[in-house]
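Engineer: Mind looking over this structure? Questions follow.
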Amino acid sequence: DAGVIQSPRHEVTEMGQEVTLRCKPISGHDYLFWYRQTMMRGLELLIYFNNNVPIDDSGMPEDRFSAKMPNASFSTLKIQPSEPRDSAVYFCASSQDTRGTEAFFGQGTRLTVV
Amino acid sequence: KQEVTQIPAALSVPEGENLVLNCSFTDSAIYNLQWFRQDPGKGLTSLLLIQSSQREQTSGRLNASLDKSSGRSTLYIAASQPGDSATYLCAVRNTGFQKLVFGTGTRLLVSP
Numbered sequence: 001d002a003g004v005i006q007s008p009r010h011e012v013t014e015m016g017q018e019v020t021l022r023c024k025p026i027s028g029h030d031y032l033f034w035y036r037q038t039m040m041r042g043l044e045l046l047i048y049f050n051n052n053v054p055i056d057d058s059g060m061p062e063d064r065f066s067a068k069m070p071n072a073s074f075s076t077l078k079i080q081p082s083e084p085r086d087s088a089v090y091f092c093a094s095s096q097d098t099r100g101t102e103a104f105f106g107q108g109t110r111l112t113v114v
Numbered sequence: 001k002q003e004v005t006q007i008p009a010a011l012s013v014p015e016g017e018n019l020v021l022n023c024s025f026t027d028s029a030i031y032n033l034q035w036f037r038q039d040p041g042k043g044l045t046s047l048l049l050i051q052s053s054q055r056e057q058t059s060g061r062l063n064a065s066l067d068k069s070s071g072r073s074t075l076y077i078a079a080s081q082p083g084d085s086a087t088y089l090c091a092v093r094n095t096g097f098q099k100l101v102f103g104t105g106t107r108l109l110v111s112p
């Protein structure tokens, strides 16, 4: 398996624009996580899905953020409208639906909102 | 609320030294703990996973220990090499939850 795949790797956008980040989890993994990493706050969980269903979205900062998982092999994180303070690295991770398994991370999307 | 702390925040050592990175957590009701490595501008690479029932895990020159009752884990790196230079993150998964709570990381620099 190629691991967790995220796209794009880098995104630069202007304030107010819509941004969509994409993630393909490892095949067979039932959990998918979206994390955000900043210098100030480190790694924070935004939302996670189990079998394509959102389980915990308490980390989503505002209504401007939304995430979907239409099928087992694809998820999106959308920011609309984007703001400079959204600039961060966004990571997607996946794990199997068995207790005690590792979480595997993608390479991340570095988002810069100017 | 689970809080994870890593000390030191940064560490610089000469090549060949053995070193220990520390991770502490406030809620001992964890299911497991995972150590990751992050290279600059890269994603997270899983190094070791320790279940709550285990005391330690080893992979090559790496050894991770877990003392759940005291809320501590250590990552021991033997015979450090310049290629070990990276940020090391620990993360815990609380019992009954799937999400990982991360520490702030230790930035390691191993000089030749």
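These protein sequence lines are chains A and B, in that order.
The numbering used here puts the first residue of the first sequence at 1, with every later residue one more than the last.
The numbering used here puts the first residue of the second sequence at 1, with every later residue one more than the last.
Just so it is clear, CB atoms sit at the ideal spot from N, CA and C, and this is done for glycine as well.
1) Going by alpha carbons, who is nearest to L32 of chain A out of A:P61, A:T101 and A:R41?
2) How about S46 of chain B: is its C-beta nearer than 8 Å to some C-beta of chain A?
3) Report the neighbours of T104 of chain B on chain A: residues whose CB is nearer than 7 Å to its CB, in chain order.
4) Helix, strand or coil: which one does DSSP assign to G108 of chain A?
5) What in chain B is Cβ-close to A72 of chain A, meaning under 7 Å?
6) Less than 8 Å between CB atoms is the rule here; does Y90 of chain A satisfy it with respect to chain B?
7) Can you find the residues in the same chain that come closer than 6 Å, C-beta to C-beta, to S59 of chain B, ignoring five residues on each side of it along the sequence?
8) Rounding to the nearest angstrom, what Cα-Cα distance links V89 of chain A and L108 of chain B in this structure?
9) Anything in the stretch 1-20 of chain A with a Cβ closer than 7 Å to a Cβ of chain B? List those residues in chain order, please.
10) Could you pull the DSSP bridge partners for P54 of chain A from this structure?
11) If I follow the unbroken beta strand (DSSP E) through F25 of chain B, where does it start and stop?
12) Can you give me the C-alpha to C-alpha distance between T74 of chain B and G103 of chain B, rounded to a whole angstrom?
13) Give every residue of the same chain whose Cβ lies closer than 6 Å to the Cβ of L77 of chain A, excluding the five residues on either side of it in the sequence, and list them in chain order.
14) Run through DSSP, which three-state label would R37 of chain B get?
15) F104 of chain A touches chain B at which residues, Cβ-Cβ below 8 Å?
16) Please return the same chain residues whose Cβ sits closer than 8 Å to the Cβ of P84 of chain A, not counting the five positions on each side in sequence.
Structural biologist: The structure says:
1) The option with the nearest alpha carbon to L32 of chain A is A:T101.
2) At least one C-beta of chain A is nearer than 8 Å to the C-beta of S46 of chain B.
3) What T104 of chain B touches in chain A: G42.
4) G108 of chain A: coil per DSSP, three-state reduction.
5) Going along chain B, no residue has its Cβ under 7 Å from A72 of chain A, so there is no contact; the nearest lies around 16 Å.
6) For Y90 of chain A, the answer is no, since every Cβ of chain B falls outside 8 Å of its Cβ.
7) Within the same chain, S59 of chain B has close Cβ partners L48.
8) Between the C-alpha atoms of V89 of chain A and L108 of chain B there is a straight-line separation of about 21 Å.
9) Hits within the stretch: zero.
10) In DSSP, P54 of chain A forms a bridge with A:F49.
11) Taken as a continuous stretch (DSSP letters only), the beta strand (DSSP E) holding F25 of chain B covers L19 to F25.
12) Using only the alpha carbons, I get a separation of about 13 Å.
13) So the list reads L21, W34 and A67, once near-sequence residues are dropped.
14) Strand at R37 of chain B.
15) Those within 8 Å of F104 of chain A in chain B are S46.
16) Taken in chain order, the residues that qualify are M15, V113 and V114.
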